[in-house]
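Trainee:
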Ligand code: GLY
Ligand code: MN
Ligand code: MN
């Protein structure tokens, strides 16, 4: 594992140091979800829980408290159960929670309702994010009621409840060295998957066959899953932003948009490339592609510490609006068109998002009403696009149905940026070359 136990310990120490004195934080694991009958969806740990514990089992709850000076980490998890383990695989149990996962104290999950009353009864503050796990919400509300009802016996209940996100999501926004290594690995695997797809694509194949080639590359390299449902969109399907049917046939003369990223050791990559099915861009496709590329490269060139988040979207809108005027797809004065948001029929999403354990990672975009400034160690995507609807009758027919997005994963460094997905070609010449291999 790229993230060592020492790093998980450091994260917990940092988290505990941010918590108020006499406070308790409660962070649950993900649950196993049933797909059909007794078949489950693949288990994916809750990112907040994973970030603090590195523990990959369901039915667990991490509790942190600062009732003493050093702070304590209590892990509630499934007890060892040799009979169940024959079916479902090994469980750490309470012994493993302490020895392998470095919990200060470990209890069976069955003890949670009873123990949490003891832990909460003398706390002054609680960190808990409501509405992520309704069952746990109810159990905690019941525990709080029990504590209040015992007020005359000296029990006290925290009077302030904060969301855990306040502390934890700020920590998650800034990536450590080891996280950057993991994210670079995820990006590199995805780059290989995209290269494989560029080389394989040809008229007559189906979108799902391209998806299969990418899945093969991703799984072969040890990523266990896609970071999100892959978007394999040919022709006008590329104009559907979250297209996921992936069942159309690739045709000569069409583009193929691939928004596909691997998740490696729980860290996401999120990469989009768009290229011609038959290896050669038409004049209109090339014009749109180069405009999107110009917008993307202009923004990446701006990225360095102190750049406010909103400037990136503003720059993309500026470059795209100018380019659409030059191509005759918008008519009017640039300033007026920007004011009127005339780009919206062609570009209707934002320039990017934080990237980390979640594809759309946590972290605020505004602080105290002001757009956040980039800082070293943040990772974000830069993903402008242009999508000319097949039903857009304001433009000539030869433009309709062209959809292009270009997306890279970018680390903010001390002096600028480092493109984690930078090995994947993106100029017209480079792409046409790879497609012909
Ligand atoms: N693949 C999802 C996104 O680009 O945000
Ligand atoms: Mn994205
Ligand atoms: Mn994407």
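Residue numbers (this note's numbering): 1 to 437. Where is the CB? At the ideal position from N, CA and C, for every residue including glycine.
(1) Whole angstroms are fine: how far does the CA of residue 412 sit from the CA of residue 283?
(2) Would you be able to state if there are at least three C-beta pairs under 8 Å between the stretch 369 to 387 and the stretch 331 to 342?
(3) Do you know how far the Cα of residue 209 is from the Cα of residue 193?
(4) For residue 187, which residues of its own chain have a beta-carbon under 6 Å away from its beta-carbon, when the five flanking residues on both sides are left out?
(5) What would DSSP say about residue 362, mapped onto helix, strand or coil?
(6) Taking three-plus beta-carbon pairs below 8 Å as touching, is the stretch 54 to 69 in contact with the stretch 196 to 206?
(7) Are the beta-carbon atoms belonging to residue 462 and residue 403 less than 9 Å from one another?
(8) Where does residue 40 fall in DSSP's three states?
(9) Give a single yes or no on whether residue 407 has its beta carbon closer than 8 Å to a heavy atom of ligand 2.
(10) Does any heavy atom of ligand 2 sit closer than 8 Å to the C-beta of residue 415?
(11) Keeping to the same chain, check which residues put their C-beta closer than 7 Å to that of residue 252; ignore five residues upstream and five downstream.
(12) Answer yes if the stretch 229 to 246 comes into contact with the stretch 132 to 147, meaning at least three C-beta pairs across the two stretches below 8 Å, and no otherwise.
(13) Residues in the same chain with beta-carbon distance under 7 Å from residue 426, minus the five sequence neighbours each way, listed in chain order, please.
(14) Could you check what DSSP says for residue 319 in three-state terms: helix, strand or coil?
(15) Looking only at DSSP bridge pairs, what is residue 371 linked to?
(16) DSSP has residue 387 in a bridge; who is on the other side?
(17) When the Cα atoms are used, what is the spatial distance from residue 182 to residue 260?
(18) Indicate the three-state DSSP secondary structure (helix, strand or coil) for residue 114 in the structure shown.
(19) Quick one: is the Cβ of residue 194 within less than 8 Å of any heavy atom of ligand 1?
(20) Count Cβ pairs between the stretch 35 to 49 and the stretch 70 to 87 that sit closer than 8 Å; are there 3 or more?
(21) DSSP three-state label for residue 435, please.
(22) First and last residue of the beta strand (DSSP E) that includes residue 59?
(23) Would you mind listing the beta strand (DSSP E) stretches within the stretch 142 to 224 that are 3+ residues and don't spill past its ends, in chain order?
(24) From this set, 365, 296, 297, 140, which residue's C-alpha is nearest residue 308's C-alpha?
(25) Using the C-alpha atoms, what's the distance from residue 106 back to residue 92?
(26) Using a 10 Å radius around the Cβ and a threshold of 16 neighbouring Cβ atoms, would you call residue 384 buried or exposed?
(27) Thinking just about the alpha-carbon of each residue, which of 2, 31, 213 is nearest to the one in residue 132?
(28) Hey, would you say residue 424 sits closer than 9 Å to residue 271, going by beta carbons?
(29) Are there 16 or more other CB atoms within 10 angstroms of the CB of residue 433, so buried, or fewer, so exposed?
(30) Pairs of beta-carbons, one from the stretch 298 to 307 and one from the stretch 324 to 335, closer than 8 Å: are there three or more?
(31) Considering only C-alpha positions, which residue in the set 313, 157, 246 is nearest to residue 116?
(32) Going along the chain, which unbroken runs of the beta strand (DSSP E) with 3 or more residues stay wholly within the stretch 249 to 328?
(33) Name, in chain order, the residues that DSSP records as bridge partners for residue 231.
(34) Closer than 7 Å is what we want: which residues have a beta carbon that near any heavy atom of ligand 1? List them in chain order.
(35) May I ask you to list the residues that DSSP assigns as paired with residue 106?
(36) For residue 201, which residues from the same chain have a beta carbon less than 8 Å from its beta carbon, with the 5 sequence-adjacent residues on both sides left out?
Mentor: The answer reads as follows:
(1) Sequence index remark: in the chain shown, residue 283 carries index 283 (1-based). Sequence index remark: in the chain shown, residue 412 carries index 412 (1-based). Looking at the two C-alpha atoms, the distance is approximately 35 Å.
(2) No contact exists between the stretch 331 to 342 and the stretch 369 to 387.
(3) By one-based count along the chain shown, residue 193 stands at place 193. By one-based count along the chain shown, residue 209 stands at place 209. Each residue's alpha carbon lies about 13 Å from the other.
(4) In the chain shown, residue 187 corresponds to position 187, counting from 1. If we look at residue 187 and ignore the five residues flanking it on each side, its Cβ neighbours are 269, 409, 420, 421.
(5) In the chain shown, residue 362 corresponds to position 362, counting from 1. Residue 362: coil per DSSP, three-state reduction.
(6) no
(7) Any property of residue 462 remains undetermined from this structure, which presents the chain solely from 1 to 437.
(8) Translated into positions along the chain shown, residue 40 becomes position 40. Of the three classes helix, strand and coil, the one that applies to residue 40 here is strand, per DSSP.
(9) In the chain shown, counting from the first residue as 1, residue 407 sits at position 407. Yes - ligand 2 has a heavy atom lying nearer than 8 Å to the Cβ of residue 407.
(10) One-based indexing of the chain shown puts residue 415 at position 415. Because no heavy atom of ligand 2 lies under 8 Å away, the Cβ of residue 415 does not count as near it: no.
(11) Here the question's residue 252 lines up with position 252 in the chain shown. Around residue 252: 203, 277, 278.
(12) no
(13) In the chain shown, residue 426 corresponds to position 426, counting from 1. So the qualifying residues of the chain are 273, 293, 406.
(14) Within the chain shown, the letter at position 319 stands for residue 319. Of the three classes helix, strand and coil, the one that applies to residue 319 here is helix, per DSSP.
(15) Counting from one through the chain shown, the residue named residue 371 turns up at place 371. Partner(s): 366.
(16) The residue given as residue 387 occupies position 387 in the chain shown. Residue 387 is bridged to 403.
(17) As a working note, residue 182 is residue 182 in the chain shown. As a working note, residue 260 is residue 260 in the chain shown. Distance between the alpha carbons of residue 182 and residue 260 is about 17 Å.
(18) Taking the first residue of the chain shown as 1, we reach residue 114 at position 114. Looking at residue 114 - three-state DSSP - the assignment turns out to be helix.
(19) Position 194 of the chain shown, counting from 1, holds the residue named residue 194. Not one heavy atom of ligand 1 falls within 8 Å of the beta-carbon of residue 194.
(20) No contact exists between the stretch 35 to 49 and the stretch 70 to 87.
(21) Sequence index remark: in the chain shown, residue 435 carries index 435 (1-based). In this structure, residue 435 counts as helix in the three-state DSSP scheme.
(22) Taking the chain shown and counting its residues from 1, the one referred to as residue 59 is at position 59. First-last for residue 59: undefined, no H or E at that position.
(23) 160 to 162
(24) Start at 1 with the first residue of the chain shown, and residue 308 comes out as number 308. Nearest of 365, 296, 297, 140 to residue 308, Cα basis: 365.
(25) Residue mapping note: residue 92 aligns to position 92 of the chain shown, counting from 1. Residue mapping note: residue 106 aligns to position 106 of the chain shown, counting from 1. Those two C-alpha atoms are separated by around 11 Å.
(26) Position 384 of the chain shown holds residue 384. Under this definition residue 384 is a buried residue.
(27) Translated into positions along the chain shown, residue 132 becomes position 132. Ranking the options by Cα distance to residue 132, first place goes to 31.
(28) On the chain shown, position 424 is the one that residue 424 refers to. On the chain shown, position 271 is the one that residue 271 refers to. For residue 424 and residue 271, yes; Cβs fall inside 9 Å.
(29) For the purposes of this step, residue 433 is taken as residue 433 along the chain shown, with counting starting at 1. By the neighbour-count rule (16 or more Cβ atoms within 10 Å), residue 433 is not buried but exposed.
(30) no
(31) Here residue 116 corresponds to residue number 116 of the chain shown, with the count starting at 1. The candidate whose alpha carbon is nearest that of residue 116 is 157.
(32) Complete beta strand (DSSP E) runs here, min 3: 255 to 260, 262 to 264, 271 to 276.
(33) Taking the chain shown and counting its residues from 1, one reaches residue 231 at position 231. In the DSSP output, where bridge partners are listed per residue, residue 231 has 259.
(34) Here the residues come out as 228, 231, 259, 261, 270, 272, 353, 359, 360, 381, 383, 407.
(35) As a working mapping, residue 106 is identified with position 106 in the chain shown. According to DSSP, which records beta bridges pairwise, residue 106 is partnered with 75.
(36) Along the chain shown, one-based indexing puts residue 201 at 201. So the list reads 210, 250, 256, 275, 277, 435, once near-sequence residues are dropped.
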